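First comes the structure, then the notes that go with it.
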Amino acid sequence: MASNEFQPLQGMSDIQAPEVYLWRMMEERARAVFASYGYEEVRTPVLERLSVFQRSLGDTTDVVKKEMYSFTPSKHALAMRPEGTAGTIRHLAGRGEEGLGARVFYIAPMFRYERPQAGRKRQFHQVGVEATGEPNPLADAECIALQKNLLDAWGLAGARIQVSTRGEPSDRKPVAEGLRQALQPHVAALCEDCRRRIEENVLRVIDCKNEGCARVVDRIPSPLEFMGPAARDYLERVMQALSAMGIDVVVNPKLIRGLDYYVHTVWEISHAALGAQDALAGGGRYEIALGRKAVPGVGFAIGFERAIMALNACGIDGAQFAPPGGIWLVSLGEAALVENMKLARDLRARGIRCGMELDAKSMKAQMRKADRAGAEMVVIRGDEEIAKGTAVVKNMADGTQVELALENVLRDAQAG
Ligand code: HAM
């Protein structure tokens, strides 16, 4: 096998302690925030029919065209989910009436075959929500407020929220025509992909990261300028609700987002600590038609890996959320080894973290293990202590040592 046989695949990571403690903190606090807004958890499969993504994300988007892990094991082409919205709406659409007006969240791995770099992975993780229901500016504002709440609960400062609109479904045609006309004199300055995109899906030109294309986009009107009054009014009402809740956002009419299912409000959250891949999160209102009926909803997803980069830059890391070190039992002699196994069982039954060496080892070797395990307290027993029903208890922080009756050891362990 190659020398990298112990490495995960390119663009994928093993997540271990102490970083995993940060993941756990984020997951726990996310669950608490979602519960406070009445969202229920949903766990959909990693694999879906490819058509679920083609029909919802749009088959001319980069994600669908270039980044899907897809294969055809038998009759149907399948794909590993590149994002959480499509599968969630597939699930909610199948619940009929009950699926409308649902509020669900997910915390799950996603897969995109992208060129890996800092903050851009092939397996990454999203925490996201979807709230189905007819368009309502207050629902969109509430969704942004929820997302802000979550970032605050993680302790993340310095996130910047940009908002725009994709307009009503009826705005699509005038927007596309307006943009095509505006781009016409600049075609020569566009990249090859964008020259094709003008006809295929002109909004993708506005979203292109190529520098030459970005310069052209700076000089043409924004999509908002081709929209009717209903779209502007809707955005205005979202902004008013956000302002009433004291949530700072900036309107960026050239914010497009990379997926085609959006209508009305779209937003993106960025953080200066992220560099080139500065989008920490994205969201918006959408309409997804998988069956005959379109499901309207609003939602967002935050990338865990990028949120962690931003949290690290704010001085927040996994070590700060390490579980308490617990108790280490030191056994001097065979009898103590067996007695300590019983004591360990009693401590663990009380939910107390506790470790011990299962082979007879020297006191020094056992103390070294206790230290490595980060134990806060060491309980030492030999034949003498067992005969008396006591134990020597050492506080690892200050090095003090006392001999206590066994029941007091249990009492103190539980209290502390
Ligand atoms: P998205 O903007 O494609 O939106 O992804 C949301 C977030 O996932 C990004 O802001 C980023 O933090 C993270 N992300 C995306 N791709 C990668 C990658 N290759 N490596 C690391 N992180 C990544 C969606 O996925 C929509 N489903 C959001 C949504 C939910 N809209 C409505 N409901």
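What the sequence shown shows, in numbering that gives the first Met the number 0, is residues 0 to 415, in sequence order.
All C-beta atoms, glycine included, are put in the ideal place defined by N, C-alpha and C.
Every value quoted in this text rests on a predicted model; they were computed, and no experiment measured them.
Check for me: the beta strand (DSSP E) holding residue 181 runs from which residue to which?
As a working mapping, residue 181 is identified with position 182 in the sequence shown. From DSSP, residue 181 is part of no beta strand (DSSP E) but of the alpha helix (DSSP H) over 171-182.
CB of residue 80 within 8 Å of CB of residue 47, strictly:
For this step, residue 80 is matched to residue 81 along the sequence shown. For this step, residue 47 is matched to residue 48 along the sequence shown. Going by C-beta atoms, residue 80 is nearer than 8 Å to residue 47.
Please find out if some non-hydrogen atom of the ligand HAM comes closer than 7 Å to the beta-carbon of residue 278.
Residue numbering aside, residue 278 sits at position 279 when the sequence shown is read from its first letter. Residue 278: yes, Cβ under 7 Å from the ligand HAM.
Is residue 301 near the ligand HAM - that is, is its Cβ less than 7 Å away from at least one heavy atom of it?
In the sequence shown, counting from the first residue as 1, residue 301 sits at position 302. Within the cutoff, so yes.
Bridge-paired residues (DSSP) for residue 353:
In the sequence shown, residue 353 corresponds to position 354, counting from 1. For residue 353, which the question treats as bridged, DSSP gives the partners 326.
For residue 228, report the span of its alpha helix (DSSP H) as first-last.
Here residue 228 corresponds to residue number 229 of the sequence shown, with the count starting at 1. Unbroken alpha helix (DSSP H) run through residue 228: 228-243.
Near the ligand HAM: residue 36 beta-carbon under 7 Å from a heavy atom:
As a position in the sequence shown, residue 36 is number 37, starting the count at 1. Residue 36 Cβ: outside cutoff for every heavy atom of the ligand HAM.
Along the beta strand (DSSP E) that carries residue 87, what are the first and last residues, could you check?
On the sequence shown, residue 87 is found 88 positions in, with the first residue counted as 1. Counting along the chain, residue 87 falls outside any beta strand (DSSP E), though it belongs to the alpha helix (DSSP H) covering 84-92.
Quick one, which of 149, 391 and 169 has its alpha-carbon nearest residue 335's?
Along the sequence shown, read from residue 1 onward, the residue named residue 335 stands at position 336. Measuring from the Cα of residue 335, the nearest candidate turns out to be 391.
Does residue 75 pass the burial test, meaning 16 or more other C-beta atoms within 10 Å, or should it be called exposed?
Position 76 of the sequence shown holds residue 75. When all chains shown are included, residue 75 counts as exposed.
Inter-residue spacing [alpha-carbon to alpha-carbon] between residue 166 and residue 180
For this step, residue 166 is matched to residue 167 along the sequence shown. For this step, residue 180 is matched to residue 181 along the sequence shown. When rounded, the distance between both Cα atoms is 19 Å.
CA-to-CA distance, residue 332 to residue 270, given in whole angstroms:
In the sequence shown, counting from the first residue as 1, residue 270 sits at position 271. In the sequence shown, counting from the first residue as 1, residue 332 sits at position 333. When rounded, the distance between both Cα atoms is 57 Å.
What residues are listed by DSSP as bridge partners for residue 363?
By 1-based counting over the sequence shown, the position of residue 363 is 364. Bridge partners of residue 363: none, in fact.
When you measure from the CB of residue 233 to every non-hydrogen atom of the ligand HAM, does any distance come out below 7 Å?
The residue given as residue 233 occupies position 234 in the sequence shown. Because no heavy atom of the ligand HAM lies under 7 Å away, the Cβ of residue 233 does not count as near it: no.
Can you find a heavy atom of the ligand HAM that lies under 7 Å from the Cβ of residue 426?
This structure gives no information on residue 426, because the portion of the chain shown stretches from 0 to 415.
What does the alpha-carbon distance come out to for the pair residue 309 and residue 276?
Sequence index remark: in the sequence shown, residue 309 carries index 310 (1-based). Sequence index remark: in the sequence shown, residue 276 carries index 277 (1-based). One C-alpha to the other measures close to 11 Å.
DSSP beta-bridge partners for residue 122?
The count along the sequence shown starts at 1 and reaches residue 122 at position 123. 110, per the DSSP bridge assignment.
C-alpha distance - residue 13 paired with residue 404, whole-angstrom precision
For the purposes of this step, residue 13 is taken as residue 14 along the sequence shown, with counting starting at 1. For the purposes of this step, residue 404 is taken as residue 405 along the sequence shown, with counting starting at 1. Residue 13 and residue 404: Cα-Cα distance of roughly 44 Å.
Out of 53, 71 and 72, which has the shortest C-alpha to C-alpha gap to residue 63?
The residue given as residue 63 occupies position 64 in the sequence shown. The shortest Cα separation from residue 63 among 53, 71 and 72 belongs to 53.
By the three-class DSSP mapping on this structure, what secondary structure does residue 203 have?
Residue numbering aside, residue 203 sits at position 204 when the sequence shown is read from its first letter. Three-state result, residue 203: helix.
Within its chain, find whatever has a CB closer than 6 Å to the CB of residue 25; leave out the 5 residues flanking it on each side and keep chain order.
Here residue 25 is taken as the residue at index 26 of the sequence shown, counted from 1. Excluding residues within five positions, the ones whose Cβ falls inside 6 Å are 153.
Cβ contact (3+ pairs, closer than 8 Å) linking the stretch 234-248 and the stretch 205-219
no
At a threshold of 7 Å, does residue 120 count as lining the ligand HAM (C-beta to nearest heavy atom)?
Residue mapping note: residue 120 aligns to position 121 of the sequence shown, counting from 1. It does: the Cβ of residue 120 is within 7 Å (strictly closer) of some heavy atom of the ligand HAM.
Which first and last residues belong to the alpha helix (DSSP H) in which residue 320 is found?
Taking the first residue of the sequence shown as position 1, residue 320 is located at position 321. Looking at the DSSP string, residue 320 is not in any alpha helix (DSSP H), and its letter there is neither H nor E.
Residue 20 - containing alpha helix (DSSP H), residue span
For the purposes of this step, residue 20 is taken as the residue at position 21 of the sequence shown. Run containing residue 20: 18-35, per the alpha helix (DSSP H) assignment.
Looking at residue 326: is its Cβ nearer than 8 Å to the Cβ of residue 353?
Taking the sequence shown and counting its residues from 1, the one referred to as residue 326 is at position 327. Taking the sequence shown and counting its residues from 1, the one referred to as residue 353 is at position 354. Cβ distance < 8 Å, so residue 326 and residue 353 count as in contact.
Identify whether residue 380 lies in helix, strand or coil by the three-state DSSP scheme.
Locating residue 380 in the sequence shown gives position 381, where the first residue counts as 1. Strand at residue 380.
Assign residue 256 to one of two classes, buried (16 or more other C-beta atoms within 10 Å of its C-beta) or exposed (fewer than that).
In the sequence shown, counting from the first residue as 1, residue 256 sits at position 257. So residue 256 ends up on the buried side.
Grab me the residues of residue 328's own chain with a C-beta within less than 7 Å of its C-beta, minus the 5 sequence neighbours each way, in chain order.
For this step, residue 328 is matched to residue 329 along the sequence shown. Excluding sequence neighbours, residue 328 sits near 339, 342, 343, 353, 355 and 378.
Starting from the Cα of residue 206, find the closest Cα among 228, 406 and 251 and give me that residue.
Here residue 206 refers to the residue found at position 207 of the sequence shown. Of 228, 406 and 251, the residue nearest in Cα terms is 251.
Give me whichever residues DSSP pairs with residue 103 in a beta bridge.
Indexing the sequence shown from 1 puts residue 103 at position 104. Beta-bridge pairing links residue 103 to 39 and 129.
With a threshold of 7 Å on Cβ separation, who are the neighbours of residue 115 within its own chain once the five nearest residues in sequence on each side are excluded?
Taking the sequence shown and counting its residues from 1, one reaches residue 115 at position 116. Contacts found: 9, 10 and 121.
Pull up the DSSP beta-bridge partners for residue 280, would you.
Counted from its first residue, the sequence shown places residue 280 at position 281. Answer by DSSP bridge pairing, in chain order: 268 and 301.
Please say whether residue 262 and residue 160 have beta carbons closer to each other than 8 Å?
Along the sequence shown, read from residue 1 onward, the residue named residue 160 stands at position 161. Along the sequence shown, read from residue 1 onward, the residue named residue 262 stands at position 263. Against a cut-off of 8 Å, the Cβ pair of residue 262 and residue 160 comes out as no contact.
Can you list, in chain order, the residues of its chain whose CB lies under 6 Å from that of residue 389, leaving out five sequence neighbours each side?
In the sequence shown, counting from the first residue as 1, residue 389 sits at position 390. So the list reads 402 and 404, once near-sequence residues are dropped.
Relative to the C-alpha of residue 141, which candidate in 318, 372, 283 and 295 has its C-alpha closest?
Counted from its first residue, the sequence shown places residue 141 at position 142. Nearest of 318, 372, 283 and 295 to residue 141, Cα basis: 283.
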